[in-house]
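Asks: Take any residue in the sequence shown, count from 1 to its spot, add 184: that is its number in the working numbering. We put the CB at the ideal spot given by N, CA and C, even for glycine.
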Amino acid sequence: MPQAELLRTELLSRPVLHADETPLQILDTKKDGKAQNGYLWTYVSGETTGDSVVCFDCQPGRASRYPDGRLERNPAHGWLCRVPHAEKRRQYH
Numbered sequence: 185m186p187q188a189e190l191l192r193t194e195l196l197s198r199p200v201l202h203a204d205e206t207p208l209q210i211l212d213t214k215k216d217g218k219a220q221n222g223y224l225w226t227y228v229s230g231e232t233t234g235d236s237v238v239c240f241d242c243q244p245g246r247a248s249r250y251p252d253g254r255l256e257r258n259p260a261h262g263w264l265c266r267v268p269h270a271e272k273r274r275q276y277h
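1. Taking all protein chains shown into account, decide if residue 211 is buried (16 or more other Cβ within 10 angstroms of its Cβ) or exposed.
2. Give the single residue among 244, 237, 246, 187 whose Cα lies nearest to the Cα of residue 199.
3. Following the continuous beta strand (DSSP E) through residue 211, name the residue where it begins and the one where it ends.
4. If you drop the 5 nearest sequence neighbours on each side, which residues of the same chain put their C-beta closer than 7 Å to that of residue 218?
5. Going straight from the alpha carbon of residue 201 to that of residue 222, what length do you get?
6. On the DSSP bridge assignment, give the partners of residue 224 in chain order.
7. Looking only at its own chain, which residues have a Cβ that is under 6 Å from the Cβ of residue 254, when we skip the five neighbours before and after it?
8. Applying the 10 Å Cβ sphere with the 16-neighbour rule, what's the burial state of residue 251?
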C-alpha cells in the first residue's frame with residue numbers, strides 16, 4: 185500500500201480531525217505551462233499528545249465535495265468533514 189494511503193488510513197482512525205484549504209497556483213503542464221487556481225487541502229489529527237498525522241490533497245476547488253472525496257464516514261463520529269468549528273462557511277454545510 186502506498187505511503188499516502190497508509191497515512192490516510194491512520195488519519196481516519198483518529199477521533200478528531202482538522203481540515204483547512206489554502207489557495208495556490210497550480211502549474212498545468214498540459215496547457216503550455218499556464219497556472220490555474222487551486223487549493224491545497226490539509227488534514228491534521230487533533231491530538232494534544234503523541235504523534236500527529238498530516239495529509240495533503242491538491243484540488244481545483246474548496247467545495248465540500250473535495251474533503252468528502254478524501255474522508256470517509258466513520259461510525260464513531262459521523263461525517264468527518266461536516267464539523268466546521270472555526271470558519272462556519274456556507275459551502276461546508
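Replies: Looking at the atomic coordinates:
1. Taking all protein chains shown into account, residue 211 has fewer than 16 neighbouring C-beta atoms within 10 Å of its C-beta and is therefore exposed.
2. 237
3. 201-212
4. 212
5. 22 Å
6. 206, 242
7. 241
8. Counting C-beta atoms within 10 angstroms of its own C-beta, residue 251 has 16 or more neighbours from the protein chains shown and is therefore classed as buried.
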